[in-house]
Structures are given as C-alpha cells and as structure tokens.
Amino acid sequence: MPEEKFSTAALLSILDSIAPFAMAEPWDNVGLLVGDPGQQVNGVLIALDPTEALIHEALSQNLNTILTHHPLIFHPLKTIRSDTPMGRILKTALAHNISLIACHTNLDCISAGVSNALAERLDLRDTRPLAGPEYTEHAPTSGFGKIGTLSAPLASEQFLRRVLTVLDAQGLQLAGSLPETIHTVALCGGSGSELAETARNMGAQAYITGEVKHSVARWAEEAGFCVIDAGHYPTEKFIVPILAETLKKTCAAKGFTPTITTTAQQDNPMQWVVSDHNTPKFCQPIEPLRKHN
Ligand SMILES: [Zn+2]
Numbered sequence: 000m001p002e003e004k005f006s007t008a009a010l011l012s013i014l015d016s017i018a019p020f021a022m023a024e025p026w027d028n029v030g031l032l033v034g035d036p037g038q039q040v041n042g043v044l045i046a047l048d049p050t051e052a053l054i055h056e057a058l059s060q061n062l063n064t065i066l067t068h069h070p071l072i073f074h075p076l077k078t079i080r081s082d083t084p085m086g087r088i089l090k091t092a093l094a095h096n097i098s099l100i101a102c103h104t105n106l107d108c109i110s111a112g113v114s115n116a117l118a119e120r121l122d123l124r125d126t127r128p129l130a131g132p133e134y135t136e137h138a139p140t141s142g143f144g145k146i147g148t149l150s151a152p153l154a155s156e157q158f159l160r161r162v163l164t165v166l167d168a169q170g171l172q173l174a175g176s177l178p179e180t181i182h183t184v185a186l187c188g189g190s191g192s193e194l195a196e197t198a199r200n201m202g203a204q205a206y207i208t209g210e211v212k213h214s215v216a217r218w219a220e221e222a223g224f225c226v227i228d229a230g231h232y233p234t235e236k237f238i239v240p241i242l243a244e245t246l247k248k249t250c251a252a253k254g255f256t257p258t259i260t261t262t263a264q265q266d267n268p269m270q271w272v273v274s275d276h277n278t279p280k281f282c283q284p285i286e287p288l289r290k291h292n
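According to numbering that gives the first Met the number 0, the sequence shown is numbered sequentially starting from 0.
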C-alpha cells in the first residue's frame, strides 16, 4: 500500500503532539510561518535559526520543509524587500515552495525541551523546571529552565571544565562567586537572565544561561551567587538532534517516514576574539553541531 501523503498539516499535528503550539508564550510566533499546509513534505531540515544558508542547505538536499527553534517572522512585517536578509529568505522560500515552521517557547516549555537537552548533557539528575505555568513542586512537568543535581559534587574547576567540555565552548563569562564545590545546578537554554533569582531561591549553587544582562550580573555579585553566561547558541544547540530523533520516532509511529535531518553547516554566530597582548586572536569556529553527535 503506498504511503499516505504526508502533508505539512500532518507534520504540524505531529509537532503539536511533541511540543504543543498552545504552550508558546503569548508574545511568541510559532507554527507554520511560511508555506502551504496542504503541501506534501519531501523532507525536513532542522536547525536553531532560519538563515539564508539554511534555505540553500534545504534546497541542495531537496528538502522542502525547514523546522527551526527561532521564528523567522517575529514582529509584523511592513515590507518584504529582497535587499534585506529577511526579504531574501522569504523570497527564496516562497520561490521554491519551502515551508518554514517554528517551535520556539513551546519547545522551551515541554519537559523534554531545550533546557532538558542541556541538563542531560551536563548529567544533571532529578531535574525539575525553574518556572512555568504548569509547574508543581511534586510533579516534574513543563516549564522554563531546569534545576537538578550532579551525580556527585564537583570542585568548581572540575565543574567549569565539564561545562566548557560539554558545550565545546571557547569561553564563558561568569558573574558573582563560584562555591568551592558544586552539587545543585540550574540552567536555562537561550536567554534566561530573568530566572537567575529563581534559580538561587530554589537552591542552585550556579546558574547557566545565555545573554546575561548587566543588572543580573551585578545582582549575582551582590547576592554572592554564581551566574554563568555560556552564550545563547551553545546552551540551546543540543535540542536540534533530539528534536530530529523525537520527530522521526513520532512520524514512524503514525506510519510516516519522511527524510528528517539536522543542519550540517549552522554554527554559533558569535565568535570569540581574545587578546594576546592586545593582538586580537580569533578562536577557531566551533565545528558544526552534527560532528559532535
Ligand atoms: Zn533561543
């Protein structure tokens, strides 16, 4: 029997069962942002960011559906001009019938979401969310961020070594003071400054996130708490292969076997430039995510 047509609408329904779109924050923009719900899905390319390079990567592999964590269209558009990156992406996507789908804060919020992916890599145990509408103290469920314990306390240097190794990071920024040993760790993949105080109140000894605000860094210093800024991309990247695997399994359970792949070229847009006696030293770009999986 030929496989039933796998439409974009069917894919959206499967994604909704993995990370319900209704769980996205009210200010967010998730779901099908560009494309025709009735179009047949030839294959899905997954990444964090909808970029021009990603569109070309999809085209080169004959994949007509792009699934990203961050939405391409966030604020209402007043123009679509092909002399802007946004305009070029939209023009190329529409010209080649490429659908763009975003799973953003809905993918942050689910139990097995973005922060969980990072928590698993850091080997945090007994994790629970830091904050979220469905969070209850006794039932680990959905919510933003995670707090958990390392299998054994680590000396602060070992802990930082683990963070650097797991993230394959060129560096970290740290505010406040690191305890001598660390056992309880909180984190939030992406931009999670606002959960720093919650992390401390819930008993974390260190909090890892990206894009830490100056005021939060200063608060950490004053409060004697440790906040680590490991960057937005590095703290979110692990969700990409996990989402691909989850999507493959969920599609297969429904009798669909589309090509589902992760980006081989997308990387952290931020590059470390360190000073070597005032001479700028460009750190090697980190290899694309796929090579670490
Ligand atoms: Zn993000």
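Glycine included, each C-beta is placed from N, C-alpha and C at the ideal position.
Straight-line gap, PHE73 to PRO233 (C-alpha atoms, nearest Å): Stepping through the sequence shown from its first residue, residue 73 is reached at position 74. Stepping through the sequence shown from its first residue, residue 233 is reached at position 234. C-alpha separation (whole angstroms): 22 Å.
If you reduce the DSSP assignment to three classes, tell me which class THR135 lands in. Taking the first residue of the sequence shown as 1, we reach residue 135 at position 136. Because the pLDDT at THR135 is just 48, under 50, the model does not fix this residue reliably, and the value given afterwards should be weighed accordingly. Residue state, collapsed to three classes: coil.
Use the C-beta contact count for THR208: other C-beta atoms within 10 angstroms, 16 or more gives buried, fewer gives exposed. Your numbering for residue 208 matches position 209 in the sequence shown. Per the 10 Å Cβ criterion, buried.
List the endpoints of the continuous beta strand (DSSP E) containing SER274. Taking the first residue of the sequence shown as 1, we reach residue 274 at position 275. Here the beta strand (DSSP E) through SER274 covers 272-275.
Quick one: residues in its chain with C-beta nearer than 7 Å to the C-beta of HIS95, no 5 flanking neighbours on either side, listed in chain order? Position 96 of the sequence shown holds residue 95. Only LEU58 meet the Cβ criterion.
For the alpha helix (DSSP H) that contains PRO114, what are its first and last residues? As a position in the sequence shown, residue 114 is number 115, starting the count at 1. Reading off the sequence shown, one finds Ser at residue 114, where the question assumed Pro. That run of the alpha helix (DSSP H) goes 113-120.
Using a Cβ-based criterion (distance less than 6 Å to any ligand heavy atom), does GLY189 qualify as near ligand 1? If you number the sequence shown from 1, residue 189 lands on position 190. Yes.
Segment contact, 8 Å Cβ cut-off, at least three pairs: the stretch 207-224 with the stretch 245-256: no
Given HIS291, which residues of its chain have a CB within under 8 Å of its CB, disregarding the five upstream and five downstream residues? As a working note, residue 291 is residue 292 in the sequence shown. Because HIS291 carries a pLDDT of 40, less than 50, the predicted location of this residue cannot be relied on, and the following value inherits that uncertainty. ASP167, listed in sequence order.
Comparing alpha-carbon positions, which option in ASP125, THR256 and LEU106 lies nearest ILE17? Along the sequence shown, one-based indexing puts residue 17 at 18. Checking every option, the nearest Cα to that of ILE17 belongs to LEU106.
With a threshold of 16 other CB atoms inside 10 Å of the CB of ASN61, please say whether the residue is buried or exposed. Translated into positions along the sequence shown, residue 61 becomes position 62. The residue in question, ASN61, is exposed, as its Cβ has fewer than 16 Cβ neighbours within 10 Å.
Please work out which residues of its chain come closer than 7 Å, Cβ to Cβ, to LYS4, disregarding the five sequence neighbours upstream and downstream, and give them in chain order. Walking along the sequence shown from the start, residue 4 turns up at place 5. Excluding residues within five positions, the ones whose Cβ falls inside 7 Å are GLN39.
Taking the alpha carbon of THR238 as the reference point, which residue from GLU51, THR256 and GLY188 has its own alpha carbon closest? The residue given as residue 238 occupies position 239 in the sequence shown. Reading the sequence as shown, one finds Ile at residue 238 and not Thr. Nearest option by C-alpha distance: GLY188.
Output yes if chain D places a C-beta closer than 7 Å to the C-beta of LYS90; else output no. Within the model displayed, chain D is absent; a lone protein chain is all it includes.
According to DSSP, what are the bridge partners of LEU173? Reading the sequence shown from its first residue, position 174 is the one you call residue 173. Per DSSP, ILE227.
Could you name the residues that DSSP lists as bridge partners for ALA101? As a working mapping, residue 101 is identified with position 102 in the sequence shown. According to DSSP, which records beta bridges pairwise, ALA101 is partnered with GLY30 and THR67.
Let me check understanding here. Comparing Cα to Cα, which of THR50, GLN172 and GLY131 lies closest to GLY86? The residue given as residue 86 occupies position 87 in the sequence shown. Residue THR50 is the option with its Cα nearest to GLY86.
What are the boundary residues of the alpha helix (DSSP H) that ALA18 is part of? Along the sequence shown, read from residue 1 onward, the residue named residue 18 stands at position 19. No alpha helix (DSSP H) contains ALA18, which DSSP labels as neither H nor E.
Look at the alpha carbon of GLN270 and the alpha carbon of SER190, and state the distance between them as a whole number of angstroms. As a working note, residue 270 is residue 271 in the sequence shown. As a working note, residue 190 is residue 191 in the sequence shown. Rounded to whole angstroms, GLN270 to SER190 spans 17 Å at the Cα level.
For GLN264, the nearest candidate out of ILE146, ALA46 and ALA8 (CA to CA): Taking the first residue of the sequence shown as position 1, residue 264 is located at position 265. For GLN264, the nearest C-alpha among the options comes from ALA46.
Taking ILE109 as the reference, which of ILE241, ASN267 and THR278 has the closest Cα? As a first step, residue 109 must be located in the sequence shown, where it is residue number 110. The option with the nearest alpha carbon to ILE109 is ILE241.
Local Cβ density within 10 Å of SER12, reported as buried at 16 or more and exposed below that: Here residue 12 corresponds to residue number 13 of the sequence shown, with the count starting at 1. Answer is exposed; the Cβ neighbour count stays below 16.
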